[in-house]
Amino acid sequence: MEMIQKRKTRVQIAIIQDERVLLLHHVMPRHKKAFWGFPGGGVEENETPEQAAIREAKEETCLDIRLEDFRLESLPGNSEFYEKSITFIGYPMAGEAKLGHDPEEGMSDIVRLTDIKWHPLWDEQGMDGVRKEEFVQIRKFLKEKNEK
């Protein structure tokens, strides 16, 4: 098995359209678990987190997105690969949401993407790969934006 280099930062994107958020089904064979979560991945060398978010969205969902002025930094939880996580909000600008290719090369035995779905933004059920603090902050930001 190829050794995966630890990257400093992971980005993930809550892609929003029509009061729904785009989720990907992640399967982790090594840990025998699966969950629905946001698209995302590691920031590559000489890439900003914003550039990484746009690239990861395109790779994993086939969508060109526009990022909102929202950035939530946190610790990545139980990650073997990342030191920090940044969550963005994005909106589809072009393309059709469909499952793109799997995560970073060499990681398919660690995590695989197997499905894609639009999920009601205000329904926390079935979003087991999204941490509650992220979900709360995203909804708060969107609610405040809509009230302006």
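The opening residue of the sequence shown carries number -19 in the working numbering; numbering runs sequentially from there.
From the three backbone atoms N, C-alpha and C, an ideal C-beta is built for every residue, glycine too.
Is K(-12) near the ligand MG, judged by its Cβ being under 7 Å from some heavy atom?
What this structure holds is no ligand at all, so the ligand MG is not there to describe.
Grab me the residues of E63's own chain with a C-beta within less than 6 Å of its C-beta, minus the 5 sequence neighbours each way, in chain order.
On the sequence shown, residue 63 is found 83 positions in, with the first residue counted as 1. Counting only Cβ-Cβ distances below 6 Å, and skipping sequence neighbours, we find K(-12).
If you compare alpha carbons, which of V1, V(-9), Q(-3) and R(-10) is closest to F115?
Here residue 115 corresponds to residue number 135 of the sequence shown, with the count starting at 1. That would be V1, whose Cα lies nearest to the Cα of F115.
Going by DSSP, which residues form a beta bridge with T67?
Position 87 of the sequence shown holds residue 67. T67 is bridged to Q(-8) and L52.
As a quick exercise: from H5, L52, A37 and K120, pick the residue whose alpha carbon is nearest that of L101.
Position 121 of the sequence shown holds residue 101. If we check each option's Cα against that of L101, K120 comes out closest.
In three-state terms, what does DSSP make of I118?
Start at 1 with the first residue of the sequence shown, and residue 118 comes out as number 138. In the structure shown, I118 sits in a helix (DSSP, three-state: H, G or I).
Taking the continuous alpha helix (DSSP H) assigned at A33, which residues delimit it?
For the purposes of this step, residue 33 is identified with residue 53 of the sequence shown, where counting begins at 1. It spans P29 to T41 - the alpha helix (DSSP H) in which A33 sits, taken as one unbroken run.
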